[in-house]
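Student: One structure is given below, represented as structure tokens, and several questions about it will come after.
Number of protein chains: 4
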Amino acid sequence: MTPSETALKQLYEDFAEAGLLPLWTQREDLMPMTPQPAAHAHVWHWRDLYPIAQRAGELVPVGRGGERRAIALANPGLPGEPYATPTLWAAVQYLGPREVAPSHRHSQGAFRFVLEGEGVWTVVDGDPVAMRRGDLLLTPGWAFHEHHNPTDRPMAWLDGLDIPLVSGLDAGFFEFGPDRLADSSTPDRSRAERLWAHPGLRPLSGVGAPAANSPLAAYRWQHTDAALSAQLELESEGHPGTAGEGHAAVRFTNPTSGGDALATLRTEMHRLRAGSALPVTRVVGSAVWQVFSGTGTVRIGDRTVRLATGDLVAVPSWQPFSVEADTDLDLFTFSDAPVYEALNLYRTKIGADAS
Amino acid sequence: MTPSETALKQLYEDFAEAGLLPLWTQREDLMPMTPQPAAHAHVWHWRDLYPIAQRAGELVPVGRGGERRAIALANPGLPGEPYATPTLWAAVQYLGPREVAPSHRHSQGAFRFVLEGEGVWTVVDGDPVAMRRGDLLLTPGWAFHEHHNPTDRPMAWLDGLDIPLVSGLDAGFFEFGPDRLADSSTPDRSRAERLWAHPGLRPLSGVGAPAANSPLAAYRWQHTDAALSAQLELESEGHPGTAGEGHAAVRFTNPTSGGDALATLRTEMHRLRAGSALPVTRVVGSAVWQVFSGTGTVRIGDRTVRLATGDLVAVPSWQPFSVEADTDLDLFTFSDAPVYEALNLYRTKIGADAS
Amino acid sequence: MTPSETALKQLYEDFAEAGLLPLWTQREDLMPMTPQPAAHAHVWHWRDLYPIAQRAGELVPVGRGGERRAIALANPGLPGEPYATPTLWAAVQYLGPREVAPSHRHSQGAFRFVLEGEGVWTVVDGDPVAMRRGDLLLTPGWAFHEHHNPTDRPMAWLDGLDIPLVSGLDAGFFEFGPDRLADSSTPDRSRAERLWAHPGLRPLSGVGAPAANSPLAAYRWQHTDAALSAQLELESEGHPGTAGEGHAAVRFTNPTSGGDALATLRTEMHRLRAGSALPVTRVVGSAVWQVFSGTGTVRIGDRTVRLATGDLVAVPSWQPFSVEADTDLDLFTFSDAPVYEALNLYRTKIGADAS
Amino acid sequence: MTPSETALKQLYEDFAEAGLLPLWTQREDLMPMTPQPAAHAHVWHWRDLYPIAQRAGELVPVGRGGERRAIALANPGLPGEPYATPTLWAAVQYLGPREVAPSHRHSQGAFRFVLEGEGVWTVVDGDPVAMRRGDLLLTPGWAFHEHHNPTDRPMAWLDGLDIPLVSGLDAGFFEFGPDRLADSSTPDRSRAERLWAHPGLRPLSGVGAPAANSPLAAYRWQHTDAALSAQLELESEGHPGTAGEGHAAVRFTNPTSGGDALATLRTEMHRLRAGSALPVTRVVGSAVWQVFSGTGTVRIGDRTVRLATGDLVAVPSWQPFSVEADTDLDLFTFSDAPVYEALNLYRTKIGADAS
């Protein structure tokens, strides 16, 4: 070892001793030319997920402590973490006949999306919200919520949360609610919907500055389906309205602001005519897509996977992503896009540029 | 005349000569302790208005030049001006069988509110919008619009605009459109509604920054009625939601922002249970109210007037205003409140303070 | 008279009787093709104004009732009204040695701009603000304010307010303050400046949502002059920064929002190199310009007027306006532009299009 | 093993096989009752840092690849990561006589804060910005920047970036700039300052919608010091203005919005009178503090450490933090607070509640 090598070795040891790390040995890892996500593009098939959820329903109780019988998608690029992507948590939650998932609240924002079945009510801050096929339900950060199944049939659905984001930000608070159901009634429509689910109408009792999260507890499939159908019909009639050719899409929004329904999560439903496609797109930030109905083919980077109803796809940051529809294809998606927009970190490329 | 009186007289003459006016002789008029509107509180009864509109339908043609068979409420405190208040224009517009009110556009924002009847389509930027009882239709500033009546029956409705405001601000632009109807079809729902009238759902083709005016061309009575009913039902069940006791109310809003449907005009529908009341309120800025159904009594300042369906009330700035409902009572109202909120000039007093 | 003429005559009489006015006879006046301001383009020369103000100083006392010895520019197109334009009030205020203009507050927003002289303090909500040549001082709506001259010399300045706007909107409130000066001290800098006049620095005690009006009570000539000089120097060095060739300009802004210093009034200072020009511009809304130093020529519509220091120009809505600088020319201007921007009524044309 | 134990074991194996992880075994880790940061409260002493930086200056070249001779604070709770906290990167950067740190740009937002010394210019998008004691310099995300030292003396400063945040979000882009200095001149003030460093004055060429990051490249110590002094003087005179008793503070803001100078980083300077204190505070999100001058004592959770000039403190999320000033004490701090505010995740407790 030359004297200068010795000095350098000593310097690095002294860095470590002093609680320091030099930039120049790690610059490329810390500041890559483009995002280098550890998360992988990955597909989970519903034919695998649902039977496992059923078995969990038989073997694992639901209740205080675990709180929820929720089985999270664990991205293979993030070993040991129950995270679909670095910011998004996605899980199948399963509630058996007569079961109750007890009341709690947390900083993390959450939604439920119902692939199939019905019969569970989510009680959000005391307001019972029915869950049915195709519905999107919100439980914004710090709202008390509990689920109960007053029927004789089990029910499963998709839970989406910003758990990894909030965890990475050390921003999580959690509180247990009362052990007894706040309201065990099973109304067809929640009170939130009765107040807010009227297009363009804002209750005078609810006017004021924009709220961070939507006050509308549920977005019903009947409305979503009608909105998507209308876009494709307009296209057939020669009018604008679709997001692209053969591609209808709606964003679930907060009626007090016109922005995303949840402060940290974007939620959308897309419909492709058979033979149509989502064009290749790269987005900074990650997303999860779920097939609501139909079949198609997804491409992410080099991977190509056939998709059927219920299949879930994790799309890491800046990976080229596209979908082709074999049949008419309905896709639900959620992402962390509001985070990037709020922090001036959003970028996207669409079409030839993105490939 | 003393020398100083002479000097003063000369000073005032020189003021006039130089194009000047001293503040001290007019201070109280220019800057009153509280608003001293020239406009009067005034009521126009539908039983008077509608027959006159019918006669105008027989005697006055509609077409280029006059553009519209619209008969404006002329506030007796603003003689010679066809203004309901210093900022608001309100008129009964009447369109006979097979008539067309030709296409034009203007800076002034406008809406139509339908008290009774149906059978006219308003074509807004080429999109035909059916008009039916209880509907609110928008024609935002600078949108081309025309009305046509393809039926055998006449139809009348309320027009509301910000003509006096825009006139006072010297901000008016006007353009004639084509003489031929852009689209003579008579669809049940406009394309704008097909895209936007889904609660909380925003077409992906329409996401972006908030628009100044709502893209939703029509707010249908079916939705407004349902929203008001739901609030009163919630109240009956012991839940919050009404604006006051026995008082349901919705504001017509812009789904891209959650704010008022039009940049300069606030529009709302109120429902009072029989025996309930709008509490005494003073607001800076003026409003027009129209009884949609039912009977009641309005008090403005010292005046008390019985109201029936179709009656119109002008409420000048800062006048104590209240309404008592004899029967169940539905009231439409529009005002200039967004102007005052945007300019930091809004004030209000409610209840005992306002009397 | 034919029967139909008789019927029509009767109809118009019945309109009047019922408090109605038809649109079709007035459409063009109510909704012109482009703004048709009643206000005229007009110039008031300082050589006329100042001597009259001096004479008023000798002949007219200042005090309660009249409140201010302010002599307003009265636009010849708005006879009887002390209004420079339909929205703007501009006056020369004159305060003699040892005089006090007593404390009051009002909804109307106000500023003072100092053409020459010094020695008066404006006390805004108890904070004494020195007035000196080239300074812009704010007294936002509803702030108590009073002026006192502790010196042996008189002082005059330009007052700008939104009196006509607030009057047209029936939004004015007024309150007398205490008869005794809140603070008779004569500090070099106000407390507001000591807290806020540091570039880009916001006191932690003053962070929060944007305020409607700027908390910075005074914008000093030393800073304005330096900012304008810097822009022209940058241009000379080949760098961007000027508003146009040979044209430096700054807007007085609210450090809590970056927007206009006052909610209803835009205030700016422009500097033209000798031989440079403000290009022909049309703007919806009106403005007042004052020459701060130098000479030039203004063109508004067909009028051309030579300008010297202190001269004031009223520019009505949508009139083509340009200025050519004979010498280096500093121009102060205020306008109602924030009103039009807030209400989605703003339009402008610059250059060849505007002529 | 009972049959049900076997079934459960099999279930967990099948979870793993299917790429799933159950919530119920990890709920408390994923969603703690309050933030449980892995990062530690930690203090780095300048007496240790600066000599190491000097030795690095002798032993390690600066240039392409490593890009910067920056030595990062590595939080002992985040082993192997050069991160001061989970979102914040803080480093001492050292540039020897005549050295150049080459041009590049990246998504990550950055600032420089100068503890001592001078003689380096940072060239931001071609605009040379002098660095001197007490100055804060910005290099917002995606701005090209390079540093050069045209003097014979070395210089060191603090770099702050959002590298960990951007890395966790997979949002990093990086580009090398030209190898030659864009501008080797050494002006006293940058062009950005000449345009923007005038209190409340916005260049007309720079008006428009708020920018995500401040256009003001440097906040000079002369202004910061004056602002802090003024607050304490106002307090001494009995006027409001300080953040607390004996505690002056300013936030570095974006003059186009009044918000934080950088989209993801809050930057502030605090001044405590000898004997005064920052009250105990808990904040969601993390911060780094650096003593600019003076001595004091910091308490974070159970730890108490004496601080002297240049010492750096990492404060993890929700840890009780307070400082007592032995002498007059100036403290610079930066944090990720804008992130939490934008995402509706911000919470704080001050005083007794926070202990």
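Protein chains in written order, with the working numbering: chain S, 0 to 354; chain U, 0 to 354; chain L, 0 to 354; chain P, 0 to 354. Every residue, glycine too, gets a C-beta built ideally from N, C-alpha and C.
Which of the residues in the region 161-195 of chain L, read from start to end, lie with their CB under 9 angstroms from any CB of chain P?
Tutor: Arg188, Arg190, Glu192, Arg193, Leu194 and Trp195
Student: For chain L, check one thing: does any of its Cβ atoms lie closer than 7 angstroms to the Cβ of U:Gly95?
Tutor: No, U:Gly95 does not count as interfacial toward chain L.
Student: Look up P:Pro2 in the DSSP assignment and say whether it is helix, strand or coil.
Tutor: P:Pro2 sits in a helix when the DSSP states are folded into three classes.
Student: At what residue ranges does the region 14-98 of chain S contain a whole run of the beta strand (DSSP E), taking only runs of 3 or more?
Tutor: Segments of the beta strand (DSSP E) lying fully in the region 14-98 of chain S: 19-21, 41-43, 69-72 and 88-94.
Student: Report the neighbours of U:Ile70 on chain L: residues whose CB is nearer than 8 angstroms to its CB, in chain order.
Tutor: Phe14, Leu19, Leu20, Pro21 and Leu22
Student: Do the region 325-334 of chain S and the region 242-253 of chain P meet, that is, are 3 or more Cβ pairs less than 8 angstroms apart?
Tutor: Judged by Cβ distances under 8 angstroms, the region 325-334 of chain S makes no contact with the region 242-253 of chain P, as fewer than three pairs qualify.
Student: Is U:Val287 near U:Leu87, with beta carbons less than 7 angstroms apart?
Tutor: yes
Student: When we look at the beta-carbon of U:Ser356 and count the other beta-carbons within 10 Å, is it buried (16 or more) or exposed?
Tutor: Only positions 0 to 354 of chain U appear in this structure, which leaves residue 356 of chain U out of reach.
Student: Given a threshold of 16 other Cβ atoms within 10 Å of its Cβ, counted over all protein chains shown, does P:Arg298 qualify as buried or as exposed?
Tutor: Classification for P:Arg298: buried.
Student: Would you identify the three-state DSSP class for P:Ser235, choosing helix, strand or coil?
Tutor: helix
Student: Nearest-angstrom Cα distance between U:Leu58 and U:Ile51?
Tutor: 10 angstroms
Student: Spell out the partners DSSP gives S:Lys348 in its beta bridges.
Tutor: Per DSSP, the beta bridge partners of S:Lys348 are S:Arg281.
Student: Would you decide whether U:Asp335 is buried or exposed? Buried here means 16 or more other CB atoms lie within 10 Å of its CB.
Tutor: buried
Student: May I have a chain-ordered list of the alpha helix (DSSP H) segments no shorter than 4 residues that lie completely inside the region 119-192 of chain U?
Tutor: 162-167
Student: Please list the partners that L:Thr280 has in chain U, where partner means a Cβ-to-Cβ separation under 8 angstroms.
Tutor: Within chain U, no residue comes near L:Thr280; the closest Cβ sits about 16 angstroms away, beyond 8 angstroms.
Student: Mind checking if L:Tyr11 is an interface residue toward chain P, Cβ cutoff 7 angstroms exclusive?
Tutor: no
Student: Buried or exposed, going by whether 16 or more other CB atoms sit within 10 Å of the CB of L:Pro153?
Tutor: So L:Pro153 ends up on the buried side.
Student: If I'm right that S:His146 touches S:Ser183 with Cβ under 8 angstroms, what's the distance once you round it to whole angstroms?
Tutor: That belief does not hold up - the Cβ atoms of S:His146 and S:Ser183 are roughly 12 angstroms apart, past 8 angstroms.
Student: Taking DSSP as the reference, what is the three-state secondary structure of P:His105?
Tutor: strand
Student: Which two residues bound the contiguous alpha helix (DSSP H) that contains S:Glu340?
Tutor: Residues Ala336 to Ala341.
Student: On a Cα-Cα basis, can you pick out the residue from L:Glu98, L:Ala40 and L:Ala129 that is closest to L:Arg179?
Tutor: Closest by alpha carbon: L:Glu98.
Student: So with Cβ pairs under 7 angstroms, would you call L:His105 a contact of chain U?
Tutor: L:His105 counts as touching chain U.
Student: Near S:Leu160, which residues of its chain fall below 6 angstroms by C-beta distance, leaving aside the five closest residues on each side in sequence?
Tutor: Counting only Cβ-Cβ distances below 6 angstroms, and skipping sequence neighbours, we find Trp88, Gln107 and Ala109.
Student: Can you tell me which of U:Pro337, U:Ser285, U:Leu48 and U:Arg281 puts its alpha carbon nearest to the alpha carbon of U:Asp352?
Tutor: U:Arg281
Student: On the three-state DSSP scale, how would you describe S:Ala226?
Tutor: helix
Student: Select from L:Phe14, L:Gly257, L:Met130 and L:Ala276 the residue whose C-alpha is nearest the C-alpha of L:Leu114.
Tutor: L:Met130
Student: If you measure between the beta carbons of L:Ile162 and U:Leu136, is that distance less than 7 angstroms?
Tutor: Contact: no.
Student: So L:Arg250 contacts chain P; which residues on that side make the cut at Cβ distance below 7 angstroms?
Tutor: In chain order: Arg201, Leu203 and Val206.
Student: If you draw a straight line from the alpha carbon of S:Asn212 to that of P:Phe173, how long is it in whole angstroms?
Tutor: 34 angstroms
Student: I believe U:Thr185 touches U:Trp120 by the beta-carbon criterion, under 8 angstroms. Please report the beta-carbon distance rounded to the nearest angstrom.
Tutor: 6 angstroms
Student: So is L:Ser256 in contact with chain P if we call contact Cβ pairs under 7 angstroms?
Tutor: Output row for L:Ser256: interface = yes.
Student: List the residues that DSSP assigns as beta-bridge partners of L:Arg265.
Tutor: L:Ser334
Student: How would you list, in chain order, the residues of chain P whose beta-carbon sits under 8 angstroms from the beta-carbon of S:Glu66?
Tutor: Leu22, Trp23 and Arg26
Student: Please report whether the beta-carbon of P:Thr33 lies at a distance below 7 angstroms from any beta-carbon of chain S.
Tutor: yes
Student: Going by alpha carbons, who is nearest to U:Gly258 out of S:His44, S:Asn74, S:Gly207 and S:Met32?
Tutor: Of S:His44, S:Asn74, S:Gly207 and S:Met32, the residue nearest in Cα terms is S:Gly207.
Student: From U:Gly176 to U:Arg67, what does the alpha carbon distance come to, in whole angstroms?
Tutor: 14 angstroms
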